[in-house]
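A.B. asks: With full-length UniProt numbering, the residue at position 69 of the sequence shown is 69, and numbering never jumps.
For glycine and all other residues, C-beta sits at the position ideal for the given N, C-alpha and C.
My questions all concern the structure below.
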Amino acid sequence: MMHVSESPSSRRVDAPSKVVGGALYTADHKIDGVTYAVLVCSPIAHGRITSIDVEGALRMPGILGVVSHLNAAELRGLPAPAWPTKPEELIRRPDHGASLTFADAVIRYAGQAVAAVVADSLQDATAAAQALTVTYDADAPIVGLSEHEAEATDPQTGEIPGGEPATSSRGDAEGALSEAPIRVVATYKSPAAHHNPIEAPATIAQWSDGTLVVYDSNQGPHIIAAALASAFGLEKKSVRVISEFVGGAFGCKLQLWPHGYVAALAARLVKRPVKLVLTRPQMFTSVGHRPDLMQHVTLGADQHGNLLAIRHEAIVQTGLVDEYVEGCVGRTRTRYACPNVSVVTRLEHLSLPAGTSMRAPGKSTGSFALESAMDELAAALHMDPIELRLRNFASSDPDSGKPWSTSALKECYEVGAARFGWRSGGARRGGSEGRLLIGHGMASGSYPRYASRATASVVVFASGRATISTGVAEIGTGNTTVMPCIAAEALGLPADAVELRFGDTELPFAPQAGGSRIVASVGHAVLRACEDLKKKLAGEGLFGPEKSCVEILRELEIDSAEGYGAWEPDGPLPVSVESNAAHFCEVAVDPIYETIRVRRFVSAVDIGRVLSPVTARSQVLGAITMGLGQALCEETLVDPRFGRYLNIDLGEYLVPVSADVPKIDVSFVGEPDPQSGVLGAKSAGEIGIVGAAAAVANAVYDATGLRPRTLPIRYDTLA
Ligand code: MOS
């Protein structure tokens with residue numbers, strides 16, 4: 001079953017320093033003369049600031065200054081930015097609208113930063129921030145997805161992260177649906193959800209001679225530096241961003257957010273370094289979220305289960321500051337061999353914070369709808385859900401017509417079903433144990449390949465060690481483990497002889513650790529750097545397959561040699577690349593206590609070659625765990641009267657704890673993919689969540705006969 005060759009390294013490089021407290025996170029950095037900024041956030045969702053009692057705050061102990069719309073333009077040193085009027089102006093901003101913070105007195109969502117108070121101590125800054133009097137003229141907020149008419153995103157401008165157009169179709173879905181003998185028509189709802197990394201988003205900003213140096217918790221120091229440079233009208237080289245270790249991100253640290261910009265403004269005001277750490281409640285309105293959305297899915301099929309048409313329409317919340325679009329319909333075009341497919345994304349601009357990417361953005365939400373609908377179709381046909389999927393198996397990419405680079409989706413089904421002990425057939429699979437209702441469900445998911453320009457350098461020392469340098473972030477995904485594996489294989493060194501220097505814009509450019517792209521992007525650059533180094537040594541006439549780089553260095557009696565690699569995608573690949581997963585879930589539903597427990601979860605995953613078994617497995621386990629949270633726990637509620645998020649702490653925003661997560665059985669299947677990327681690897685970071693919530697929902701249906709169409713699934717709200 002397992003054809004994938006594995007690298008020998010079984011260690012996780014960053015683990016010891018994290019366990020013993022040696023890893024430095026942003027707020028851990030000790031900076032001489034540091035001051036503390038605390039945000040003041042708007043309690044109203046829509047309206048205007050009428051006054052801020054800055055004088056009152058300045059009379060409080062230890063207060064050094066207050067930043068707000070009253071002085072931001074002056075501190076920024078640029079004219080106040082014009083407020084964008086068209087959606088494409090919102091989405092195309094390099095700083096995602098961060099520099100619109102304090103640009104005017106208008107309130108566009110509850111939790112919007114209205115001021116930052118700076119003091120010598122965190123305690124004084126917090127006290128003054130809490131005491132700061134801000135008065136508002138409040139209007140009624142626009143909240144609730146159903147409250148007003150949705151507008152389709154203009155397909156010309158509505159570019160969804162990952163490059164999906166908002167509207168697309170092939171064939172004639174409407175015509176085929178009207179003639180289909182079997183139809184499934186269903187609406188699926190999923191709530192706003194928040195990433196909640198353990199490490200709160202944080203920034204320490206410091207100016208010296210017009211240069212901005214920033215410690216910041218993010219997924220890509222170079223991306224944040226470019227955004228800060230744009231916000232302050234600086235050259236990118238005038239901004240240095242350092243992100244040594246990052247305590248979780250999941251998409252909420254991909255872009256510059258208001259707090260990073262505000263820390264830099266505040267540092268200009270007080271002419272000292274400023275540390276700004278978001279509180280957990282502030283995090284809920286300051287760094288994005290997975291937007292709430294509604295998805296209408298219609299499947300048309302013949303009596304044998306052949307899909308004739310799919311229509312998938314999403315209505316997605318977005319904000320008034322940054323127009324993030326949750327692209328949840330895109331995978332529907334490639335998932336099944338169906339001739340007629342129509343997908344559309346519609347946006348509603350509400351008085352809520354901007355959304356953003358959250359672990360497999362769009363794919364996690366979209367797969368919940370599509371894979372639930374497939375289960376509904378299987379139930380309508382009394383057909384085994386795997387058989388239905390195999391009947392509609394796409395042997396090439398049905399959207400582009402390109403062949404798959406590799407696809408082990410069928411093996412995912414086979415291996416997952418075998419390990420789970422799947423009872424095939426169209427009948428109910430579960431049963432009961434005492435009063436518990438047991439259900440079995442399955443679903444599958446796919447994740448595409450994203451790759452971007454990246455650079456890296458490598459130095460090999462005669463001592464036998466090597467160092468790779470690239471400005472990538474380590475968000476816990478394992479770059480410090482995997483990049484050395486890649487270089488070690490290229491250089492013929494043991495993996496533990498290679499070290500990664502990362503997390504600093506002084507190091508070569510790397511893209512953000514998002515979209516599962518780092519191996520395909522930075523991994524390529526690392527390989528090129530190693531090739532460059534080997535070429536240089538070959539130029540000395542000594543290189544050969546029988547000699548290692550280190551032996552050559554010793555023969556040449558030089559201490560070290562260096563190589564540099566730059567890589568960027570050169571146009572679309574001739575193949576379509578997808579990682580795949582099949583998930584199998586057993587739930588136990590207690591109709592007396594109204595609880596739903598996941599008892600077993602089995603996944604078979606095709607990510608091509610597994611470069612680092614420990615970190616790849618952790619990625620998949622973590623993503624599945626987030627899928628269990630999406631299915632059963634996570635939901636950020638809005639008070640419709642005030643447009644405020646209600647459950648903004650970890651006491652009331654539920655995430656799965658250890659007792660909620662059974663042993664998750666993960667198998668890697670498939671084979672190295674020669675075309676997708678580096679050493680045969682495909683995207684690994686996010687595939688685990690795709691389809692996971694649908695597998696739970698389908699198991700709940702099997703247990704109860706009630707179809708969950710709203711996340712998170714609660715027994716008492718099952719139809
Ligand atoms: Mo991920 S949501 O691409 O950080």
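Given 7 Å as the limit, tell me if Ala454 has its C-beta closer than that to any heavy atom belonging to ligand 1.
C.D. replies: Walking along the sequence shown from the start, residue 454 turns up at place 454. Answer for Ala454: no, Cβ out of range of ligand 1.
A.B. asks: Kindly identify the DSSP beta-bridge partner or partners of Tyr715.
C.D. replies: By one-based count along the sequence shown, residue 715 stands at place 715. Looking at the DSSP assignment, Tyr715 forms no beta bridge with any residue, so it has no partner.
A.B. asks: If contacts are defined as beta-carbon pairs under 8 Å, then Gly503 and Glu244 qualify, I think. What distance do you get, rounded to the angstrom?
C.D. replies: By 1-based counting over the sequence shown, the position of residue 503 is 503. By 1-based counting over the sequence shown, the position of residue 244 is 244. Confirmed, about 5 Å.
A.B. asks: Within 10 Å of its beta-carbon, does Ala659 have 16 or more other beta-carbons around it, so buried, or fewer, so exposed?
C.D. replies: Taking the first residue of the sequence shown as 1, we reach residue 659 at position 659. It is exposed - the Cβ of Ala659 has fewer than 16 other Cβ atoms within 10 Å.
A.B. asks: Are there 16 or more other CB atoms within 10 angstroms of the CB of Phe393, so buried, or fewer, so exposed?
C.D. replies: Along the sequence shown, one-based indexing puts residue 393 at 393. Per the 10 Å Cβ criterion, exposed.
A.B. asks: Whole beta strand (DSSP E) runs in the segment 538–604 with 3 or more residues, listed along the chain?
C.D. replies: List check, beta strand (DSSP E) in window: 560–567 and 578–590.
A.B. asks: Looking only at its own chain, which residues have a Cβ that is under 6 Å from the Cβ of Ser683, when we skip the five neighbours before and after it?
C.D. replies: Sequence index remark: in the sequence shown, residue 683 carries index 683 (1-based). Here the set comprises Tyr447, Arg449, Ser516 and Ser579.
A.B. asks: At what residue ranges does the segment 245–303 contain a whole run of the beta strand (DSSP E), taking only runs of 3 or more?
C.D. replies: Runs found: 274–277 and 293–301.
A.B. asks: Based on Cα-Cα distance, which residue from Val134, Asp124 and Leu628 lies nearest to Val114?
C.D. replies: Within the sequence shown, numbered from 1, the residue matching residue 114 stands at position 114. The candidate whose alpha carbon is nearest that of Val114 is Val134.
A.B. asks: Secondary structure at Pro16, three-state DSSP: helix, strand or coil?
C.D. replies: Translated into positions along the sequence shown, residue 16 becomes position 16. Helix.
A.B. asks: May I have the straight-line CA-CA distance separating Ile689 from Leu75, to the nearest angstrom?
C.D. replies: Within the sequence shown, numbered from 1, the residue matching residue 689 stands at position 689. Within the sequence shown, numbered from 1, the residue matching residue 75 stands at position 75. When rounded, the distance between both Cα atoms is 43 Å.
A.B. asks: Is the CB-CB distance between His29 and Tyr324 below 8 Å?
C.D. replies: For the purposes of this step, residue 29 is identified with residue 29 of the sequence shown, where counting begins at 1. For the purposes of this step, residue 324 is identified with residue 324 of the sequence shown, where counting begins at 1. Not a contact, by the Cβ cut-off of 8 Å.
A.B. asks: How would you label Arg435, buried or exposed, when you count the other beta carbons within 10 angstroms and need 16 or more for buried?
C.D. replies: As a first step, residue 435 is located in the sequence shown; it is residue number 435 there, counting from the start. Exposed.
A.B. asks: Under three-state DSSP, which class holds Met206?
C.D. replies: As a working note, residue 206 is residue 206 in the sequence shown. What sits at residue 206 in the sequence shown is Gln, not Met. Correct three-state label for Gln206: strand.
A.B. asks: If you draw a straight line from the alpha carbon of Thr332 to that of Gly563, how long is it in whole angstroms?
C.D. replies: As a first step, residue 332 must be located in the sequence shown, where it is residue number 332. As a first step, residue 563 must be located in the sequence shown, where it is residue number 563. Cα-Cα distance, rounded: 43 Å.
A.B. asks: Expressed to the nearest angstrom, what Euclidean distance is found between the alpha-carbon atoms of Ser217 and Val482?
C.D. replies: Along the sequence shown, one-based indexing puts residue 217 at 217. Along the sequence shown, one-based indexing puts residue 482 at 482. Approximately 21 Å between the Cα atoms of the pair.
A.B. asks: Out of Asp14, Val605 and Ser469, state which residue places its alpha-carbon closest to the alpha-carbon of Leu24.
C.D. replies: The residue given as residue 24 occupies position 24 in the sequence shown. Checked all of Asp14, Val605 and Ser469; the closest Cα to Leu24 is Asp14.
A.B. asks: Give the single residue among Ala80, Pro591 and Arg600 whose Cα lies nearest to the Cα of Phe584.
C.D. replies: Mapped onto the sequence shown, residue 584 falls at position 584. Nearest of Ala80, Pro591 and Arg600 to Phe584, Cα basis: Arg600.
A.B. asks: In or out: Pro494 buried (at least 16 other Cβ within 10 Å) or exposed?
C.D. replies: Walking along the sequence shown from the start, residue 494 turns up at place 494. With fewer than 16 other Cβ atoms within 10 Å, it is exposed.
A.B. asks: CB Asp639 to CB His440, shorter than 8 Å?
C.D. replies: Against the sequence shown, residue 639 aligns to sequence position 639. Against the sequence shown, residue 440 aligns to sequence position 440. Not in contact: Asp639 and His440 (Cβ atoms no closer than 8 Å).
A.B. asks: Once you ignore the five residues that flank Asp137 on each side, which residues in its own chain have a CB closer than 6 Å to its CB?
C.D. replies: One-based indexing of the sequence shown puts residue 137 at position 137. Excluding positions up to five away in sequence, the list reads Gly47, Arg48 and Thr50.
A.B. asks: List the residues that DSSP assigns as beta-bridge partners of Asn340.
C.D. replies: Looking up residue 340 in the sequence shown gives position 340. Answer is Ala309.
A.B. asks: For ligand 1, any of its heavy atoms closer than 7 Å to the Cβ of Arg359?
C.D. replies: By 1-based counting over the sequence shown, the position of residue 359 is 359. Under cutoff, so the answer is yes.
A.B. asks: Considering only residues of the same chain and omitting the five flanking positions on each side of Gly523, which have a CB-CB separation below 6 Å?
C.D. replies: Start at 1 with the first residue of the sequence shown, and residue 523 comes out as number 523. Only Ile486 and Val678 meet the Cβ criterion.
A.B. asks: If you draw a straight line from the C-alpha of Ala406 to the C-alpha of Ile31, how long is it?
C.D. replies: The residue labelled residue 406 in the question sits at position 406 within the sequence shown. The residue labelled residue 31 in the question sits at position 31 within the sequence shown. Just to set this straight, residue 406 is Thr in the shown sequence, not Ala. Taking the straight line joining both Cα atoms gives about 50 Å.
A.B. asks: So Phe420 is in the alpha helix (DSSP H); what residue range does that whole segment cover?
C.D. replies: On the sequence shown, position 420 is the one that residue 420 refers to. Residues Leu409 to Phe420.
A.B. asks: Are at least three pairs of beta-carbons, each pair with one atom in the segment 248–262 and one in the segment 277–286, less than 8 Å apart?
C.D. replies: Output reads yes: the segment 277–286 touches the segment 248–262.
A.B. asks: Let's test the definition: count the other Cβ atoms within 10 Å of the Cβ of Val460 and tell me whether it reaches 16, buried, or not, exposed.
C.D. replies: Mapped onto the sequence shown, residue 460 falls at position 460. Under this definition Val460 is a buried residue.
A.B. asks: Starting from the C-beta of Val143, find all residues in its chain whose C-beta is less than 8 Å away, skip the five residues before and the five after it, and write them out in chain order.
C.D. replies: For the purposes of this step, residue 143 is identified with residue 143 of the sequence shown, where counting begins at 1. Excluding sequence neighbours, Val143 sits near Ala45, Leu350, Ser351, Leu352, Val638, Pro640 and Gly643.
A.B. asks: Quick one: is Arg709 buried, meaning 16 or more other Cβ sit within 10 Å of its Cβ, or exposed?
C.D. replies: Residue numbering aside, residue 709 sits at position 709 when the sequence shown is read from its first letter. Buried: at least 16 other Cβ atoms inside 10 Å.
A.B. asks: So, is Gly158 buried or exposed, given that buried needs 16 or more other C-beta atoms within 10 angstroms?
C.D. replies: Indexing the sequence shown from 1 puts residue 158 at position 158. Confidence is the limiting factor: at Gly158 the pLDDT is only 45, short of 50, which leaves the residue's position unreliable and the question unanswerable from this model.
A.B. asks: Leaving out five residues on either side along the sequence, give the residues of the same chain with a beta carbon under 7 Å from the beta carbon of Phe250.
C.D. replies: Looking up residue 250 in the sequence shown gives position 250. His195, Pro197, Met358 and Arg359, listed in sequence order.
A.B. asks: Expressed to the nearest angstrom, what Euclidean distance is found between the alpha-carbon atoms of Arg571 and Asp95?
C.D. replies: By one-based count along the sequence shown, residue 571 stands at place 571. By one-based count along the sequence shown, residue 95 stands at place 95. Per the sequence shown, residue 571 should be read as Gly rather than Arg. Rounded to the nearest angstrom, the two C-alpha atoms are 26 Å apart.
A.B. asks: Does ligand 1 have a heavy atom nearer than 7 Å to the CB of Glu686?
C.D. replies: Along the sequence shown, read from residue 1 onward, the residue named residue 686 stands at position 686. It does: the Cβ of Glu686 is within 7 Å (strictly closer) of some heavy atom of ligand 1.
A.B. asks: Could you name the residues of the same chain whose beta carbon sits closer than 6 Å to that of Gln512, not counting the 5 residues immediately before and after it, in chain order?
C.D. replies: If you number the sequence shown from 1, residue 512 lands on position 512. Taken in chain order, the residues that qualify are Gln219, Gly220, Ile223 and Leu254.
A.B. asks: Where Thr126 and Leu39 are concerned, what is the direct C-alpha to C-alpha distance, given to the nearest angstrom?
C.D. replies: The count along the sequence shown starts at 1 and reaches residue 126 at position 126. The count along the sequence shown starts at 1 and reaches residue 39 at position 39. One C-alpha to the other measures close to 8 Å.
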